[in-house]
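Data first, discussion second: the structure below is written as structure tokens.
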Amino acid sequence: MRLAWYNIAHDRTRFLVTVLGITCAVFLMIFQGSILLGFLQASSRIIDSTDADLWITGRGVQCFEFPVSVERRLGAIAHSVRGVDRTSRICTRLVQFRKTDGSHQLVDLVGADTDVGPQFPIPRMAGDSSAIEPEALVVDKSNAELLNVAVHLPLDVEVNEQRAHVVGETTGFSSFLGSPYVFTSYADASRYINLRPEETMFILVRLQAGASIQNVRRGLQARMPNVDVWTREEFSRKARFYWITQTGAGGAILTAALLGFFIGLAVVSQSIYATTMENIEEFATLKALGASNGFIRRVIISQAVVCGIGGYILGLLITSPMIRAAQTNIPWVSAPSWLPLATFLPTLAMCVSASIISVRAAMAVEPAKVFRA
Amino acid sequence: MPEAILAAKNVSMSYGSSGTQVRALDDVSLSFDTGDLTLIMGPSGSGKTTLLSLLGCLMTPENGSVFVDGAEVTSLDEHERTELRRGQIGFIFQAFRLFHSLSAFENVMIAAEIAGTRDQERSDAAHQSLGKLGLGDKLHLKPNALSGGEKQRVAIARALLPNPKILLADEPTAALDAKAGRQIGEILRDLAVQQKRTIVVVSHDHRWANFAHRTVVLEDGRVVDDRRN
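Protein chains in written order, with my numbering: chain U, 1 to 373; chain D, 374 to 602.
Okay, structure coming up:
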């Protein structure tokens with residue numbers, strides 16, 4: 001499609017304007033996509049970091065951060081169900097964290113039994129990974145400054161007016177809520193949040209080797225009709241769905257990511273349409289000379305695709321440093337290497353869609369128009 | 374009638390809606406022989422350009438038929454008429470209609486690209502054609518770097534590349550000075566006489582009578598004069 005290429009080369013200013021429009025759209029799609037992806041990952045990070053096969057939650061609980069209490073004895077009942085190997089507990093609640101300078105910060109305290117999973121941050125004794133350090137807290141590195149624990153550890157603090165000390169840092173658990181996650185043992189957490197001994201919040205179930213997850217789940221649900229039983233993947237998905245659809249933050253991020261696509265579509269449509277209409281007599285000439293509709297379609301779509309590839313490459317070049325800069329302030333922003341690649345086809349789809357109106361206009365032009373000077 | 378290379382039989386054409394309808398052509402019958410350069414003259418609004426559009430299969434008449442190389446083309450669909458134009462009819466326009474982003478050479482080669490026959494043979498033919506028309510040293514210039522006469526010669530080379538039997542020219546010298554106009558007249562005359570092409574020229578310019586074998590005069594959509602020069 002030499003004509004498409006020459007048209008682009010001839011009108012470089014318009015090409016640049018179109019490419020810049022696509023660049024903005026690509027930037028918005030990748031950047032907002034990174035925020036969306038990071039938000040989704042962060043919203044189920046706690047759930048995903050356990051190795052439980054099933055989660056038992058209070059009826060109607062949508063996510064980890066807003067639990068309701070369930071009876072602690074359900075753990076023992078669950079253990080008696082065929083196919084269950086072992087159970088463990090997690091509790092969480094927003095609590096006051098008193099910093100070393102005396103100021104307060106609301107944090108999301110998470111306490112878990114030691115066997116919830118090897119990736120789960122729990123304050124263990126130095127030199128003995130099976131032993132839990134009492135009254136000890138672990139915070140995410142990204143929140144260290146906010147919690148005033150960025151200096152040497154351990155540091156004495158208070159949680160809900162009870163003594164505690166920060167003994168370590170973890171990574172990958174940056175909170176998307178504004179209240180940092182603080183991790184401790186289940187025993188200490190239940191004390192800090194005044195959880196009654198007969199209560200817990202989540203019961204995690206591991207299956208015996210070879211047990212059917214659906215059979216065990218049905219068995220648990222039959223024995224415990226007043227709670228919900230989810231596979232870890234289901235609960236993770238449910239939490240993500242809740243945060244993305246039921247909260248303003250998730251909705252705003254999702255909308256922004258979609259807006260990136262539609263803004264790009266509008267910019268590119270306008271630019272390609274203007275180019276086509278400027279050259280509409282050339283398309284009439286092509287038709288008079290015997291060009292088929294397919295030829296005309298190929299000229300316009302080729303122009304759109306060339307612009308799309310240019311905009312995509314430029315978009316990638318500016319997006320990478322922008323995401324790195326954003327990650328210094330929003331650590332949970334996630335930019336996996338596949339995300340830019342995954343935006344390539346939507347970018348091309350956007351450009352091709354944007355050219356459809358132009359294609360229709362060019363194909364509808366009367367070839368007899370060429371005789372009008 | 375069908376033995377002529379190009380013919381219109383009882384064609385009529387109107388524009389506008391019923392209240393403001395204008396009869397552009399009224400029962401016109403003409404045939405054009407191989408090797409003839411025919412000049413169609415007439416005042417503005419007499420139907421010259423409409424007749425050229427019908428002969429060029431760019432429009433279909435309300436009534437009557439158009440024949441190209443003996444075949445009735447009025448009943449062809451748009452796709453078939455497009456194919457017919459691509460292979461058998463070349464166009465030369467008053468406003469040249471060159472592609473502003475393409476060089477002179479690429480403007481000629483666009484005809485091969487449209488036909489999907491862009492190859493070395495066509496490329497050589499384009500070079501040769503432009504060379505014959507005195508543009509051998511201007512192959513890589515874009516239209517805005519060419520004079521009006523040069524642009525029209527590029528347009529002629531483009532029209533000739535598919536080797537059409539019929540050339541239709543709409544006011545081909547209206548935008549040119551006298552010298553360039555005379556050159557174009559001589560070129561088209563030679564194409565008719567030496568290469569046996571059928572050429573129909575629409576023009577207001579009486580000097581075309583010096584080059585045309587035949588002159589047809591239209592008025593109010595009707596043929597009022599048709600004579601051999």
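A virtual CB, placed ideally from N, CA and C, is assigned to each residue, including glycine.
> Applying the criterion that 16 or more other CB atoms from any shown protein chain within 10 Å of the CB defines a buried residue, is S391 (chain D) buried or exposed?
Replying inline: exposed
> Below 8 Å, can you find three or more Cβ-Cβ pairs linking the segment 38-49 of chain U to the segment 327-340 of chain U?
Replying inline: yes
> If P340 (chain U) and L316 (chain U) are in contact, beta carbons under 8 Å, what's the gap, nearest whole angstrom?
Replying inline: 5 Å
>> Distance cutoff 8 Å, beta carbons only. Does T285 (chain U) sit that close to anything in chain D?
In response: yes
> Taking the alpha carbon of R59 (chain U) as the point to measure from, which residue in U:P225, U:I323, U:K238 has its own alpha carbon closest?
Replying inline: U:P225
> Within the 8 Å Cβ cut-off, does F478 (chain D) reach chain U?
Replying inline: no
> Is the CB of E282 (chain U) under 8 Å away from at least one CB in chain D?
Replying inline: yes
> Between the segment 424-441 of chain D and chain U, which residues of the former have a C-beta closer than 7 Å to a C-beta of the latter?
Replying inline: L425, S426, L431, M432
>> Going by DSSP in three states, S391 (chain D) sits in which element: helix, strand or coil?
In response: helix
> What residues from chain U crowd round R458 (chain D), counting only those whose CB sits closer than 9 Å?
Replying inline: K287, A288, L289, G290, P367
>> On the CB-based measure, 16 or more other CB atoms within 10 Å of its CB, does E451 (chain D) come out buried or exposed?
In response: exposed
>> Need the endpoints of the beta strand (DSSP E) that G308 (chain U) sits in, please.
In response: Taken as a continuous stretch (DSSP letters only), G308 (chain U) belongs to no beta strand (DSSP E), being part of the alpha helix (DSSP H) at 293-329.
>> If you follow the beta strand (DSSP E) that E414 (chain D) is in, where does it begin and where does it stop?
In response: In the sequence on display, residue 414 (chain D) carries Met and not Glu. 410-414 is the span of the beta strand (DSSP E), which, as asked, contains M414 (chain D).
>> Would R82 (chain U) and F202 (chain U) be called neighbours here (beta carbons separated by less than 8 Å)?
In response: no
> Exposed or buried, Y186 (chain U), counting other C-beta atoms within 10 Å across all chains shown (16 or more means buried)?
Replying inline: buried
> Across which residues does DSSP place N436 (chain D) in a beta bridge pair?
Replying inline: D:S385
> Since L109 (chain U) and R93 (chain U) are thought to touch, with beta carbons under 8 Å apart, how far apart are those beta carbons, to the nearest angstrom?
Replying inline: 6 Å
>> Report the CB separation of T23 (chain U) from I318 (chain U) in whole angstroms; it is logged as a contact under 8 Å.
In response: 7 Å
> For S404 (chain D), which residues does DSSP report across the bridge?
Replying inline: D:A380
> Can the beta-carbon of L427 (chain D) be found less than 8 Å from the beta-carbon of L591 (chain D)?
Replying inline: no
>> Would R72 (chain U) and T245 (chain U) qualify as a contact pair, given that the criterion is a beta-carbon distance under 8 Å?
In response: no
>> So the candidates are D:G443, D:L514, D:T447; which of them puts its Cα closest to the Cα of E435 (chain D)?
In response: D:T447
> Helix, strand or coil for M374 (chain D) per DSSP?
Replying inline: Confidence in M374 (chain D) is poor, its pLDDT being 41 and thus under 50, which makes the residue's placement too unreliable to answer from.
> Taking the alpha carbon of A397 (chain D) as the point to measure from, which residue in D:S496, D:T407, D:L410, D:T422 has its own alpha carbon closest?
Replying inline: D:T422
> Who are the near neighbours of V138 (chain U) in its chain, counting only those whose CB is closer than 8 Å to its CB and skipping five residues on each side?
Replying inline: P121, I122, P123, V166, V167, G168, E169, T170, V182, F183, T184
> Between which two residues does the alpha helix (DSSP H) harbouring Q96 (chain U) extend?
Replying inline: First-last for Q96 (chain U): 84-98, but that is the beta strand (DSSP E), not the alpha helix (DSSP H).
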